[in-house]
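Just so we're aligned: the sequence shown equals residues 77 to 252 in this note's numbering.
Every residue, glycine too, gets a C-beta built ideally from N, C-alpha and C.
Please read these numbers as outputs of a predicted model, since none were measured by experiment.
Below is one structure; the comments refer to it alone.
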Amino acid sequence: MKQLTTLLLAACSIAAAHASPEAKLVRPRAQFVDPSLPAAQAEASVLAARRYASFWNNGDEALARSALAPEFTDRTLPPGRAQGLPGPLAASAFVRGAVPDMHADIEQLIVSGDRAIVHLRFRGHFTGSFKGVQGKGQAIDFIATDIYRIADGRITDNWHIEDNLAFLRQLGVIAD
């Protein structure tokens, strides 16, 4: 019996080590996919959106690189942010400097045609610094909504809006 238990534990350990990386991606609380889409296109769009949300969830640059197309274009580029992949990589690092434990949840994921709409909720604690303000551990909770254009399973374009006012108020950078 002890040998059987040892074999089962070893098998479970091997299975966990070889689990699909997609199993560790952020899962949407609600997901709506146009049923007229070919299954492969729908799956590729959902996967790209989940990879990019997971990048925002944990800061893993490999996830951004796998989600974004080489010609990725930010269509609502904030002033001072680099275009293409360098932009989100720098933005994530900058925000994580203020909120190191930041995580993102996908509240809703909607896929139709070559578009995916992702409604994200970001949470964490301001324990770092932001533009000269030192955090005191205050809770951070704000939303963002992105519209992605997806081709060949990768995000080529992004239009986004974040509740920066809520974020800056929670940081204490601007008054209520």
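Quick check on residue i: buried or exposed, where buried means 16 or more other Cβ atoms within 10 Å of its Cβ?
i, result
"Ile237", "exposed"
"Trp132", "buried"
"Ile226", "buried"
"Ala192", "buried"
CA-CA distance, residue i and residue j?
i, j, result
"Asp239", "Pro111", "31 Å"
"Ala180", "Ala116", "26 Å"
"Asp190", "Lys212", "42 Å"
"Gln246", "Asp222", "22 Å"
"Leu113", "Asp228", "14 Å"
"Thr253", "Lys207", "An answer regarding residue 253 cannot be provided, because it is not within the stretch 77 to 252 covered by the chain."
"Thr203", "Ser168", "16 Å"
"Ala145", "Ile231", "6 Å"
"Pro176", "Leu153", "23 Å"
"Asp136", "Ser130", "8 Å"
"Asp252", "Leu241", "9 Å"
"Val102", "Ile182", "7 Å"
"Trp235", "Val194", "11 Å"
"Glu119", "Gln159", "27 Å"
Quick one, which of the options has its alpha-carbon nearest residue i's?
i, options, result
"Val109", "Gly248, Arg141, Val122, Ala158", "Val122"
"Gln184", "Thr152, Arg197, Pro176", "Arg197"
"Ile219", "Pro164, Phe243, His201, Arg225", "Phe243"
"Val209", "Val249, His201, Trp235", "Val249"
"Ala140", "Glu147, Arg151, Leu161, Ala120", "Leu161"
"Pro45", "Ser188, Ile186, Ala138", "What the structure shows of the chain is the stretch from 77 to 252, and residue 45 is not part of that stretch, so it cannot be assessed."
"Gln264", "Tyr224, Met178, Ala192, Ala124", "Any answer about residue 264 is impossible in this case: the structure gives the chain only from 77 up to 252."
Between residue i and residue j, which are expected to be in contact by the criterion C-beta below 8 Å, what is the C-beta distance as a whole number of angstroms?
i, j, result
"Arg127", "Ser142", "5 Å"
"Gly173", "Ser205", "7 Å"
"Ile216", "Gly200", "5 Å"
"Asp233", "Arg151", "6 Å"
Would you kindly report the start and end of the unbroken alpha helix (DSSP H) that includes residue i?
i, result
"Arg245", "240–247"
"Gly211", "Element bounds for Gly211: n/a, residue is neither H nor E."
"Arg172", "162–174"
By the DSSP assignment, the beta strand (DSSP E) with residue i in it spans what residues?
i, result
"Arg105", "No beta strand (DSSP E) contains Arg105, which DSSP labels as neither H nor E."
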